[in-house]
Amino acid sequence: MQYYIDAQSLKDSGMSVVKDSNAKPLYILTGRHGIANDGFTLHSIAGAELGEIRQKTVGIFPRYDLYVDRQKVGSVKKMAGVWREFIFVAGLNWMIIGNLLANQYHIYHGVKSITTIAEAGTASNTVFKLDIPREEDVVAGLLLAAILDHWRQVHNANPLARHDDVNISFGM
Numbered sequence: 001m002q003y004y005i006d007a008q009s010l011k012d013s014g015m016s017v018v019k020d021s022n023a024k025p026l027y028i029l030t031g032r033h034g035i036a037n038d039g040f041t042l043h044s045i046a047g048a049e050l051g052e053i054r055q056k057t058v059g060i061f062p063r064y065d066l067y068v069d070r071q072k073v074g075s076v077k078k079m080a081g082v083w084r085e086f087i088f089v090a091g092l093n094w095m096i097i098g099n100l101l102a103n104q105y106h107i108y109h110g111v112k113s114i115t116t117i118a119e120a121g122t123a124s125n126t127v128f129k130l131d132i133p134r135e136e137d138v139v140a141g142l143l144l145a146a147i148l149d150h151w152r153q154v155h156n157a158n159p160l161a162r163h164d165d166v167n168i169s170f171g172m
């Protein structure tokens, strides 16, 4: 089944409605991006909590714990890649391979494809399409997509912005 997440709405307001290919609302994804204590929660459209992903460590490669039905099912840690981004989901034994700049990811369990994530081709390029064939992988797949978008946002800083406006005084 195909799912659509408006990543810009999630970033701006902390909430996004996850829809199917017929634009029918299915889930509500809430959370926030930040330097520390990132986290996202997925709710059914009726409001029941289905799962969450919470940041546990801070640093260049932070670790996130993934919960489905209030049970920890995995831990996510980004690894350095030369040509591609590699992210391993311990517990589920999923490997995420993707390209942050092209916003294309594939999630595998061994050689079996779990899901694909890509831009939906909208004018703003902030809507992501997830193709998740197995119903039991939907909650984890949607929550991982929120984290992948956060890491993409960090790498896509505005190159035209000036970063020399730090006011440091040494008492002189």
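Under the working numbering, the first residue of the sequence shown carries the number 1, and numbering increases by one thereafter.
From the three backbone atoms N, C-alpha and C, an ideal C-beta is built for every residue, glycine too.
Sorting 70, 71, 77 by C-alpha distance to the C-alpha of residue 58 places 77 at the top.
Put simply, of 27, 118, 87, 144 the residue whose alpha carbon is nearest the alpha carbon of residue 61 is 87. The shortest CA-to-CA distance from residue 91 to any of 102, 85, 71 is the one to 71. Ranked by Cα distance from residue 45, the first of 54, 24, 31, 56 is 24. Taken atom to atom, the span from the alpha-carbon of residue 130 to that of residue 69 is near 21 Å. Spatial neighbours of residue 16 in its own chain (CB-CB distance under 6 Å, excluding positions within 5 residues in sequence) are listed in chain order as 5, 6, 9, 10, 29. Counting along the chain, residue 118 sits inside the beta strand (DSSP E) bounded by residues 112 to 119. Rounded to whole angstroms, the gap between the alpha carbons of residue 105 and residue 99 is 6 Å.
Straight through space, the alpha carbons of residue 101 and residue 54 are spaced by roughly 24 Å. Nearest in C-alpha terms to residue 142, of all of 37, 66, 12, 22, is 66. Per the coordinates, the alpha-carbon of residue 119 lies some 12 Å from the alpha-carbon of residue 2.
Classified as exposed, residue 37 has fewer than 16 neighbouring CB atoms from the shown chains inside 10 Å of its CB. Residue 144 is a Cβ neighbour of residue 89, given a cutoff of 9 Å. Under the three-state reduction of DSSP output, residue 143 falls in the helix class. Residue 39 and residue 52 do touch by the CB rule: their CB atoms are close to 6 Å apart, below 8 Å. Collapsing the DSSP output to three states places residue 68 in a strand. The C-beta of residue 103 has 16 or more other C-beta atoms within 10 Å across all chains shown, which makes the residue buried. For residue 13, the three-state secondary structure derived from DSSP is helix.
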